[in-house]
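Enquirer: Quick one: the structure is below, questions incoming.
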Amino acid sequence: MGPYLHVNSMGDIFEKHYGKIGRIICGIFIVLTSVACVAQQMIAMGFIFEYFLNIQFLYGALISCAIAIVYSAAGGIRAVVKTDVIQFIIIAAFVPLLFLCAVNYKEDTTSFTTFPFEKLNPLYDIKMLPHAVTLFFVMSISALGPSVIHRLIMSKDIKQAIFITKTTGFLTVALISLLAAIALFSFAVDPHINSQAVLPFAINKFMPPFLIGASIAALLSVLMSTLDSVLHVVCLACVQDILLPLIKSKPTEKTQILLMKGTTVIIGIASVLLADHFKNIMDIIVFSVSFWGPTILIPFTYILYKKIFSQKTFILGTVCGLLFVSVWNLAIKKYLFLDGYIPGVLFSFIFFHLSPKTPITEKKSNLRNMYVF
């Protein structure tokens with residue numbers, strides 16, 4: 001990542017190696033992936049509002065969307081970064097506290113003698129195995145997603161990028177482990193709870209009454225910390241990587257800011273509609289990465305290893321990857337019960353691995369000034 005730490009977006013990287021069309025293609029898939037990622041957070045917050053406040057799912061998603069749009073569109077990246085710092089502090093205090101409350105839960109101790117170990121074993125229900133395998137691969141390579149890469153290229157130097165990567169990795173493992181344990185304790189108390197409302201159930205069941213309100217706010221912070229970051233990335237890609245390269249006369253900086261704010265509103269509304277369509281977090285997670293893994297992931301990985309392809313090979317590979325995963329999900333998934341994400345990534349890897357490659361020769365270039373925002 002060293003040579004690319006001072007670019008504005010991933011589109012800059014792809015334009016350097018594949019021209020303007022490469023930038024636009026990268027931007028399109030960032031938008032498709034990130035809109036679905038924003039919808040994930042909308043679904044979760046919709047369930048939170050529905051569980052605690054008895055607000056209809058769609059209205060809850062709209063409320064959360066409005067909150068994110070207001071401070072993302074009004075404050076830009078500065079508002080996102082400042083709120084992320086506050087949200088991180090809240091998350092760091094909330095998740096361990098909820099875990100400790102779950103461990104020390106005494107009201108129904110007999111339930112823990114029948115701990116749901118089948119939840120740890122994907123072979124317990126063979127029908128769930130394809131979903132478990134898909135989710136494992138999704139989580140394994142999520143660190144090369146658009147929002148993570150965007151945060152890395154904002155680093156001031158390679159040392160900071162390494163520190164961010166290591167710290168994020170350790171914290172993510174700890175956070176997910178604690179959340180998984182909390183979910184297991186919740187299923188131990190009530191094996192029939194809705195899996196999409198596990199954390200609201202845990203807060204309501206395990207936390208002391210005087211901390212429930214603060215816990216709800218903390219849970220919303222967990223979701224907002226991802227939502228606002230992804231919302232900024234998708235709007236940046238939409239404007240800088242898709243709209244600006246297609247416009248002959250370069251707009252002023254003020255016009256670009258207005259475009260970003262308008263795009264934030266449009267993307268937010270589109271995400272709410274997508275969330276209302278799916279209403280299932282796991283389904284939309286796999287749906288979102290299906291626009292990334294079989295298309296951009298492999299060419300970008302080769303760029304990191306200083307190898308590129310011809311422009312025609314890149315375009316053909318991304319289009320074929322998208323077609324492959326689409327055909328798989330429409331025609332084959334119902335027979336094998338396996339989502340097209342893993343086969344799509346394997347297809348993309350085989351295609352690009354067998355294609356002719358050219359080593360990257362390093363040249364100094366001021367990529368940051370290609371499109372000013």
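Quick note on numbering: our numbering labels position 337 of the sequence shown as 337, and the sequence is numbered without any gaps. C-beta atoms are modelled at their ideal positions from N, C-alpha and C, and glycine is treated no differently.
Tell me whether threonine 172 sits in a helix, a strand or coil according to DSSP, three-state version.
Expert: As a first step, residue 172 must be located in the sequence shown, where it is residue number 172. DSSP places threonine 172 in helix when its eight states are reduced to three.
Enquirer: Between the Cα of phenylalanine 384 and the Cα atoms of Ser64, Val198, Ser221 and Asn104, which residue gives the shortest distance?
Expert: This structure leaves residue 384 out entirely; the chain is present only between 1 and 373.
Enquirer: Per the DSSP calculation, lysine 307 is bridged to which residue(s)?
Expert: The residue labelled residue 307 in the question sits at position 307 within the sequence shown. Paired residue(s): Pro359.
Enquirer: Identify every run of the alpha helix (DSSP H) within the region 208-276, keeping only runs that are complete inside it and at least 4 residues long; order them along the chain.
Expert: Segments of the alpha helix (DSSP H) lying fully in the region 208-276: 212-236.
Enquirer: Buried or exposed: which applies to asparagine 8, given that a residue is buried once 16 or more other Cβ atoms fall within 10 Å of its Cβ?
Expert: Position 8 of the sequence shown, counted from the start, is the residue given in the question as residue 8. Buried is the call here.
Enquirer: Taking only three categories from DSSP, how would you classify asparagine 194?
Expert: One-based indexing of the sequence shown puts residue 194 at position 194. Coil, per DSSP.
Enquirer: In three-state terms, what does DSSP make of isoleucine 55?
Expert: Numbered from 1 along the sequence shown, position 55 holds the residue referred to as residue 55. If DSSP states are grouped into helix, strand and coil, isoleucine 55 belongs with coil.
Enquirer: If I measure Cβ to Cβ from asparagine 369 and keep anything under 6 Å in the same chain, skipping five residues before and after, which residues do I get?
Expert: Along the sequence shown, one-based indexing puts residue 369 at 369. With a pLDDT of 41 at asparagine 369, under the threshold of 50, the predicted position of this residue should be treated as unreliable, though the coordinate-derived value follows. Within the same chain, asparagine 369 has no close Cβ partners at all.
Enquirer: Are there 16 or more other CB atoms within 10 angstroms of the CB of serine 348, so buried, or fewer, so exposed?
Expert: Position 348 of the sequence shown holds residue 348. Buried is the call here.
Enquirer: With a CB to CB cut of under 7 Å and the five nearest residues on each side skipped, what residues in its chain are close to valine 286?
Expert: Against the sequence shown, residue 286 aligns to sequence position 286. Within the same chain, valine 286 has close Cβ partners Thr134, Val138, Asp339 and Tyr341.
Enquirer: Per DSSP, what kind of secondary structure is tyrosine 18 in: helix, strand or coil?
Expert: In the sequence shown, residue 18 corresponds to position 18, counting from 1. In the structure shown, tyrosine 18 sits in a helix (DSSP, three-state: H, G or I).
Enquirer: Quick one: using the 10 Å Cβ neighbour count with 16 as the cut-off for buried, is glutamine 56 buried or exposed?
Expert: Locating residue 56 in the sequence shown gives position 56, counting from the first residue. Exposed.
Enquirer: Three or more beta-carbon pairs under 8 Å between the region 34-44 and the region 225-244, yes or no?
Expert: Touching, yes.
Enquirer: When you compare the CB positions of tyrosine 302 and phenylalanine 352, do they come within less than 8 Å of one another, or not?
Expert: Your numbering for residue 302 matches position 302 in the sequence shown. Your numbering for residue 352 matches position 352 in the sequence shown. It is a contact, given that the beta carbons lie within the stated cut-off.
Enquirer: Measure the CB-CB distance between isoleucine 28 and isoleucine 315 and report whether it falls below 8 Å.
Expert: Position 28 of the sequence shown, counted from the start, is the residue given in the question as residue 28. Position 315 of the sequence shown, counted from the start, is the residue given in the question as residue 315. No, Cβ-Cβ distance for isoleucine 28 and isoleucine 315 is not below 8 Å.
Enquirer: Leaving out the 5 sequence neighbours to the left and right, which residues in its chain are closer than 6 Å to alanine 61 when beta-carbon positions are compared?
Expert: To locate residue 61, count along the sequence shown from 1; it is residue 61. So the qualifying residues of the chain are Met42, Gly46, Val272 and Ala275.
Enquirer: In terms of alpha-carbon separation, which member of Gln311, Ser195 and Val189 lies closest to isoleucine 281?
Expert: By 1-based counting over the sequence shown, the position of residue 281 is 281. It is Ser195 whose Cα lies nearest to the Cα of isoleucine 281.
Enquirer: Is it right to say histidine 192 is buried, meaning 16 or more other beta carbons lie within 10 angstroms of its own, or is it exposed?
Expert: Working through the sequence shown from its first residue, we reach residue 192 at position 192. Classification of histidine 192: exposed, given that the 10 Å Cβ count is below 16.
Enquirer: Label glutamate 253 either buried or exposed according to how many other C-beta atoms from any shown protein chain fall within 10 Å of its C-beta, with 16 as the threshold for buried.
Expert: Locating residue 253 in the sequence shown gives position 253, counting from the first residue. With fewer than 16 Cβ atoms within 10 Å of its Cβ, glutamate 253 is classed as exposed.
Enquirer: Using 10 angstroms around the beta-carbon of leucine 354, count the other beta-carbons present and answer buried if the total reaches 16, otherwise exposed.
Expert: Working through the sequence shown from its first residue, we reach residue 354 at position 354. Label assigned to leucine 354: exposed.
Enquirer: Pull up the distance between the alpha-carbon of alanine 68 and that of serine 215, whole angstroms please.
Expert: As a position in the sequence shown, residue 68 is number 68, starting the count at 1. As a position in the sequence shown, residue 215 is number 215, starting the count at 1. Using only the alpha carbons, I get a separation of about 19 Å.
Enquirer: Could you check if histidine 277 is buried or exposed, using at least 16 other CB atoms within 10 Å of its CB as the buried criterion?
Expert: Here residue 277 is taken as the residue at index 277 of the sequence shown, counted from 1. Exposed: under 16 other Cβ atoms inside 10 Å.
Enquirer: Suppose you measure from the CA of tyrosine 4 to the CA of isoleucine 13; what does that come to, to the nearest Å?
Expert: As a first step, residue 4 must be located in the sequence shown, where it is residue number 4. As a first step, residue 13 must be located in the sequence shown, where it is residue number 13. Those two C-alpha atoms are separated by around 7 Å.
Enquirer: Thinking C-beta only, is methionine 260 closer than 8 Å to isoleucine 149?
Expert: Residue mapping note: residue 149 aligns to position 149 of the sequence shown, counting from 1. Residue mapping note: residue 260 aligns to position 260 of the sequence shown, counting from 1. Contact: no.
Enquirer: Cβ of glycine 293 within 8 Å of Cβ of isoleucine 141?
Expert: Taking the sequence shown and counting its residues from 1, the one referred to as residue 293 is at position 293. Taking the sequence shown and counting its residues from 1, the one referred to as residue 141 is at position 141. Cβ distance < 8 Å, so glycine 293 and isoleucine 141 count as in contact.
Enquirer: Secondary structure at leucine 32, three-state DSSP: helix, strand or coil?
Expert: If you number the sequence shown from 1, residue 32 lands on position 32. Helix.
Enquirer: Within this structure, are the beta carbons of cysteine 101 and methionine 224 separated by less than 8 Å?
Expert: Position 101 of the sequence shown, counted from the start, is the residue given in the question as residue 101. Position 224 of the sequence shown, counted from the start, is the residue given in the question as residue 224. Taking 8 Å as the Cβ cut-off, cysteine 101 and methionine 224 do not qualify as a contacting pair.
Enquirer: Where does phenylalanine 291 fall in DSSP's three states?
Expert: In the sequence shown, the residue the question calls residue 291 occupies position 291. In this structure, phenylalanine 291 counts as coil in the three-state DSSP scheme.
Enquirer: Output the boundary residues of the alpha helix (DSSP H) element that contains methionine 139.
Expert: Within the sequence shown, numbered from 1, the residue matching residue 139 stands at position 139. Its alpha helix (DSSP H) spans residues 129-140.
Enquirer: Could you check the C-alpha separation between isoleucine 153 and glycine 145 for me, to the nearest Å?
Expert: Sequence index remark: in the sequence shown, residue 153 carries index 153 (1-based). Sequence index remark: in the sequence shown, residue 145 carries index 145 (1-based). The straight-line gap from Cα to Cα measures roughly 13 Å.
Enquirer: Per DSSP, what kind of secondary structure is leucine 178 in: helix, strand or coil?
Expert: In the sequence shown, the residue the question calls residue 178 occupies position 178. Of the three classes helix, strand and coil, the one that applies to leucine 178 here is helix, per DSSP.
Enquirer: To the nearest angstrom, how far is the alpha carbon of lysine 334 from that of phenylalanine 291?
Expert: Within the sequence shown, residue 334 is the residue found at index 334, counting from 1. Within the sequence shown, residue 291 is the residue found at index 291, counting from 1. One C-alpha to the other measures close to 20 Å.
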